[in-house]
Each structure stands twice: as C-alpha cells, then as structure tokens.
Amino acid sequence: MRNLDILAAESGEHVRVLLCREEQSYVVSCQHFRMPYPVASDLLAELQPVPAETYSVFVLDEDITNRQRDGRNRKLDLIAPLLEDACIYDKSHRNEVVRQIAAEHGIARRTVLQYLWRYWVYQSKNALLPAERPAPEQHELTADEKAIRWALNKYYYTPQRQSLQTAYKMMLRAKYCDTHGTLKPEYPTFWQFRYFFRKNRDPISETISRQGLKAYQRNHRPFTGSVCDYAHTIGVYMTDATIADIYIVSRLSRKPIGRPVIYTMVDAYSRLITGVYVGLEGGQYALRLLLQNTFTDKVSFCHQHGIDIDPQDWPSHHLPTKIMTDRGSEFISGPLENLCESYHIEIENLPAYRPDLKGVVEKLFDLVQSAYKPLLKGKGVIESDTQERGAPDYRRQGTLDLEQFTAVVLRCVLFYNAKSVQTGFTRTPAMIESNTPPLAASIWSFCDTQDDCPVHEATDKKLLYTLLPRAEGKITQRGLEIFGLRFSNCTFKKRFVAAGLGGRETVQVAYAPECMDTVWLYENGTYSAFDLVQKSYLGKSLAEIADAQQQEKVERTDWKKQELQAQLDLMSDIQAIADRSERTTPDRSNISKQIQRNRSTARKQESVSLMDLLTEQQEDDFDAR
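Under UniProt numbering, the first residue of the sequence shown is numbered 1, with each subsequent residue one higher.
See below:
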C-alpha cells in the first residue's frame, strides 16, 4: 500500500490513500463528499486495489476552451494553500485555512472544500474543469405555454397529422373562446405558437406520433449500421418476394395469365443471389421451390432454360446457417420446419413492414426490374401511369410467357452475380491481397475457400426431393395418374395390373411444377421416378399443362354440343325416312310368303340401278369378265 493508492472496502466504497503511515493512514472517500479520516494501516492492507484509471481525468490541453482553462486555474489557485500534509490530518488547521480563503475571495467555505475534495479524489487539476455548457435552467411554463403544449399534444402529435395552423385554431376554440364561441381579447399569436413548437421540437417523437413507429424505423431512423454487423462471412441468407411489374401470357394459348411472382434468396455478406423462383404461386409452395433451387447446381438449372454458364458465374448450391425472413410462419410447419431442424438452419423472423432490416434483398428487386423494364416497354411492363385516366391496358400488351420471362430474370441474376460491382462493399485485406474483385460471385468463391467458411454443399439428393411439393396420385391399370396426366415406370407393371384387378391405390407423389416430364413416387422414405406418358406435354410446366387442359375442356364442351346437335339431326333424319316408309308400305297380310318374292324383285332392281351407273367401257369390261 502506497500513497495515492485506490482501495475497495467490503461495503463497496472506494477510498484513496492520501497519507500512508505505519500505524494509521488517512484516506478520502471517492464516492461521497467527505474530508479525510484516519484508518488503521493493517486494515487498509487487506483491501483490494482499484485500477488507477477508474478515477483519472485525461483531457488534451488543445481540447480545453479558454473559459474552461481560466476557471480551472482559478480554482487551483484557491486551494493551493490547502495542498499540504497538515491539511490532511489536522482538521482545525484545515478549517482555518479554508476560512481565510473564503473570506479573501468572497465565496462559501463549502465551495472551497468541494474543490479540494475533487482534487484529492482525482489527483488532477483537470478535475476542476467547469462544464462548457451548463444545463439550461428550467422555468415554470406560463398559462399560454401550457395551452400551446396541450394543443400540440392533442391535435398535432397524432396520427391525423393536423397542420400547425389547424392545431393553433383548435387551441383558440378550446381555450380562448367564451361560451358563445367568441374569441377573447387576449390570446397567443400564431407566431408565439410556432416559436414554442420550434423551440421544444423533438423530431423523433414527432415522426413516431404522426407517422407511427414502423414508419420511423423504416424510413427515418439513423442508418449507422452495416450488413457486416450480423454477417461476417457467407451463410446468412435473406429471402423475400415481390410481384413483377409485367403481365405475361400462356405459352400454349398466348392468353394473358396475370403477373408472375419472384422469390429470391440472397447471401447477406457477398450479396450473391443464391436462389430464385419465378412462377404464379406463392406461400409455402413457392418457398419450397425457392429452397430447392437454392440447393441445386446452377449450371444444370440454367441449361434447362437454354442458358449455358460456367460454375464460377453462379457458384452457390450450399446450405445456409441462417435464413432471415418476414415470412417466418411459412417456415414453422410441415417439411420446411423439419428441414431446418435436420440441417441446423436457424430461422430469424423479422417484423412485417420493415424492409430496411433486409435491405440487401429489397434493393435487389429494384436492380433486377430496372434492368429489364426499359427493354420490355410495350410488352406488358407496367408503367407509373397505370392508375391515370387514359393509360393503356398493360394486360393486353403482354407478349412473354412464363418460360421466356424466367429466362429474362435469370439473365439479370447472372449479370448481377458475376458482373455488377458491389458498391459499398469493403474488401478485407486478404481479398485485396488475392486480387478478388468486388463482385458477388467472386466474393462468395473467396469466402468458400477459407477454412472458417460455415457453409457446405447440398449433396443429398433426398434433400432436393424433400423440398418438392407433393400431391395425392393414383396407381391404376393405366399407370400413375396425377393432375390428369399418366406416368409410367417399368418396374411397377405388377402393381399396375393389381390396380386393375383390385382397384386404384392412393399414393404420395412429389413433382417439379416447372417441368412435369418426371414425377417421384414417395414410399417408405424412398423416391421412385416415373416418366410422362403423354408426349405432347413434354417440356411443359404444370401451369401450362393445366392451361392446355382447361382449353381442351372448353373446346371439348363445344365439340360435345356439336355432337349432341348432330345426334338430334340424325334422329330427325331417321324419323323422317321412317315416316315416309310407312306411307308407301302395302298390306302386310300373308307376309311370310311375300318376303322371298319381294326380295328377289328388289335384287333385280338393285342390279338394274347399278348397271345404269356404269359407263360403256365399264359395261364392256363387265361383259368380258
């Protein structure tokens, strides 16, 4: 234990040793305004030391204003006569010196002691620095100010978003009119009302009270963070969906079918689009297909849409560590929940109407749509004047089908992943050393090669099948039937025959709606592939097949109506012939004897009629034969 050591007592109080002696030492409390007092030295030796920086004041001299410096020096000069050991242990001597200083400078004795106590505690002249801006004095509000504050709280700081003028007039009517509604002679002016408002204005409270907390958090809160605050490497995915600003048509009938939905999965750190789904369905159905695409090799996926790429153009087919979404309810039931539990994927559910919390994927939609919209004007793209009178009907302008629009989106995704410079991304020293460009695909590939990379490839085929949507199918004598389609597998011939003898069998079938060439029968934890029998539907999506089936149904209804009319016409013709025959038929008594004679006569008449139809040359040939 030495002079100026800071010690912690069992009560939690901190004391500084001002004068250390063998038997008795003098200390001063660091937390309570109190003059030095004696303590047995052996007791002090048992106390725990406190770091000196706990009570240090470090201020650069250039950071001190002249006013502060003068105030500090003035206080130091006041207590200079007290900075001797006698003033520590001799109370009467200390009080006498303090009395003289107070009388000489005209200040209170307690003020002098407070300056001295602060110096003893912090052992620095900077502890005497005055505050640069003392807190403003609070004054009692006048009656007019109270009325103004009441009016602002009641009429202005509300979701109704009344103007200041309206709030001012409402205040006058409520506070400054008599029972007949006549304005009193004395009342605050609007200038006074506005001055009080501006003087006491709190922009945060104003925004929240008038626009709501969500609007403040979404549009007005300080954006001081970065995506790297929660994603230090690849593996944290963000997902969201939007309705595309374009109308498309059916590939078969070329009739409008509405606007497609785009689901995307984006890696938060690298900004790489790891998965995409373009279709007509949403909800958990679309999420399953999005995840299925996320874990799929992108080279083969793009090849299915007529696009050839290199693996480094779209290198992701990995399992994430976390998925951030505002559609958490769609992940907490059914196969998606089981999938996340089995592969240890954390789901972070974000609050609704907070796109700022997943700004990476939100901005992506703007980038993708801004890439294709200028080039597809007049082909179904929705313009900003869609609600204006006289605007064209964009539904009638659609020319792209779902397959063509999917190819357009994939082209935009490939550009964004492999060629678009990620502005705002700060490369690490290792990236700079390896000359990794700030491109999403390059950043992903770099992180994937690091030892601490948390993602791994999705190599389990069963995982991809599990994410496919399922429906009930029937095993029949004609094969596996689902959605009005027939599928076959040569190893199931016996079951097809058994179904014909014993009746249909209900089974679970997984299918890929973007192409129905193959479906998978799910039984006992295994998947068996079945191929499409109707070759006219090869390469078609389920939506296109359903559209074709609906069109076929409508046309078949027309054909059936025509067939029915033809049957009625046939019946009328037959009935007319029958009616004529009754009028020319003679008496049928003794009918059995007349049949042979009548038959012989009819045959001769038929032969004569046939001869009348032959040409002369045909008669010669007939006679020759």
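For every residue, glycine included, the Cβ atom is placed at its ideal position computed from N, Cα and C.
Rounded C-alpha distance that separates residue i from residue j
{"i": "Ile545", "j": "Tyr537", "result": "7 Å"}
{"i": "Pro320", "j": "Leu289", "result": "16 Å"}
{"i": "Trp314", "j": "Ile307", "result": "12 Å"}
{"i": "Gly12", "j": "Gln31", "result": "10 Å"}
{"i": "Gln450", "j": "Arg495", "result": "51 Å"}
{"i": "Ile345", "j": "Glu337", "result": "9 Å"}
{"i": "Lys377", "j": "Gly398", "result": "10 Å"}
{"i": "Asp547", "j": "Gly275", "result": "27 Å"}
{"i": "Ala529", "j": "Glu281", "result": "24 Å"}
{"i": "Ile577", "j": "Gln605", "result": "20 Å"}
{"i": "Arg67", "j": "Ala147", "result": "39 Å"}
{"i": "Leu485", "j": "Val236", "result": "40 Å"}
{"i": "Val413", "j": "Lys373", "result": "14 Å"}
{"i": "Asp310", "j": "Ala241", "result": "27 Å"}
{"i": "Val106", "j": "Gln100", "result": "The identity of residue 106 in the sequence shown is Gly, whereas the question assumes Val. Going by the C-alpha atoms only, they are around 10 Å apart."}
{"i": "Tyr269", "j": "Ile443", "result": "9 Å"}
{"i": "Arg94", "j": "Glu62", "result": "35 Å"}
{"i": "Tyr394", "j": "Phe415", "result": "27 Å"}
{"i": "Cys340", "j": "Ile347", "result": "8 Å"}
Where residue i falls, given that 16 or more other Cβ within 10 Å makes a residue buried
{"i": "Ala135", "result": "Its pLDDT being 47, under 50, Ala135 is placed unreliably by the model, and the measurement read from it follows with that caveat. Looking at its Cβ environment, which holds fewer than 16 other Cβ atoms inside 10 Å, Ala135 is exposed."}
{"i": "Phe487", "result": "buried"}
{"i": "Pro513", "result": "buried"}
{"i": "Val554", "result": "exposed"}
{"i": "Trp191", "result": "exposed"}
{"i": "Asn417", "result": "buried"}
{"i": "Trp117", "result": "buried"}
{"i": "Ala430", "result": "exposed"}
{"i": "Lys535", "result": "exposed"}
{"i": "Ala291", "result": "According to the sequence as given, residue 291 is Leu; it is not Ala. It counts as buried."}
{"i": "Thr189", "result": "exposed"}
{"i": "Leu85", "result": "First, the amino acid is wrong: residue 85 is Asp here, not Leu. Per the 10 Å Cβ criterion, exposed."}
{"i": "Val381", "result": "buried"}
{"i": "Thr466", "result": "buried"}
Which residues DSSP lists as bridging residue i, in chain order
{"i": "Met170", "result": "Met170 pairs with nothing; no bridge assigned."}
{"i": "Met516", "result": "According to DSSP, Met516 bridges with nothing at all."}
{"i": "Lys322", "result": "Val236 and Glu346"}
{"i": "residue 659", "result": "Since the first residue shown for the chain is 1 and the last is 625, residue 659 is missing from the structure and cannot be characterised."}
{"i": "Ile273", "result": "Val266"}
{"i": "Ile243", "result": "Val261"}
{"i": "Arg470", "result": "Ala510"}
{"i": "Cys30", "result": "DSSP output for Cys30 lists no bridge partner at all."}
{"i": "Ser205", "result": "Note: Ser205 sits in no beta bridge, so no partner."}
{"i": "Phe487", "result": "Leu480 and Leu532"}
{"i": "Gln48", "result": "Ala8"}
{"i": "Gly279", "result": "Val261"}
{"i": "Asp401", "result": "Val249"}
{"i": "Pro256", "result": "Val249"}
{"i": "Val17", "result": "Val27"}
{"i": "Val381", "result": "Ile246"}
Check whether residue i and residue j have beta carbons under 8 Å apart
{"i": "Arg16", "j": "Val121", "result": "yes"}
{"i": "Ile248", "j": "Phe425", "result": "no"}
{"i": "Lys419", "j": "Leu400", "result": "no"}
{"i": "Ile482", "j": "Ala499", "result": "no"}
{"i": "Ala151", "j": "Met170", "result": "yes"}
{"i": "Tyr263", "j": "Ala244", "result": "no"}
{"i": "Val266", "j": "Leu364", "result": "yes"}
{"i": "Leu78", "j": "Tyr115", "result": "yes"}
{"i": "Phe193", "j": "Tyr168", "result": "yes"}
{"i": "Leu402", "j": "Ser541", "result": "yes"}
{"i": "Leu128", "j": "Ile64", "result": "no"}
{"i": "Leu172", "j": "Leu183", "result": "yes"}
{"i": "Val519", "j": "Val507", "result": "no"}
{"i": "Tyr37", "j": "Ile6", "result": "no"}
{"i": "residue 637", "j": "Tyr511", "result": "The structure shown does not extend to residue 637, since the chain is modelled only from 1 through 625, so no value can be given for it."}
{"i": "Tyr277", "j": "Arg210", "result": "no"}
{"i": "His14", "j": "Val39", "result": "no"}
{"i": "Ser300", "j": "Leu272", "result": "no"}
{"i": "Leu350", "j": "Asp326", "result": "yes"}
{"i": "Ile475", "j": "Glu505", "result": "yes"}
Whole-Å CB distance - residue i paired with residue j, under 8 Å assumed
{"i": "Gln551", "j": "Leu252", "result": "7 Å"}
{"i": "Val98", "j": "Leu76", "result": "No, Val98 and Leu76 are not in contact; Cβ-Cβ is about 15 Å, not under 8 Å."}
{"i": "Pro305", "j": "Ala371", "result": "The displayed chain sequence assigns His, not Pro, to residue 305. His305 to Ala371, Cβ: 17 Å. No contact."}
{"i": "Met238", "j": "Val360", "result": "6 Å"}
{"i": "His318", "j": "Ala543", "result": "No, His318 and Ala543 are not in contact; Cβ-Cβ is about 29 Å, not under 8 Å."}
{"i": "Leu18", "j": "Val28", "result": "6 Å"}
Near the ligand PLP: residue i beta-carbon under 7 Å from a heavy atom
{"i": "Tyr465", "result": "This structure lacks the ligand PLP; in fact it carries no ligand of any kind."}
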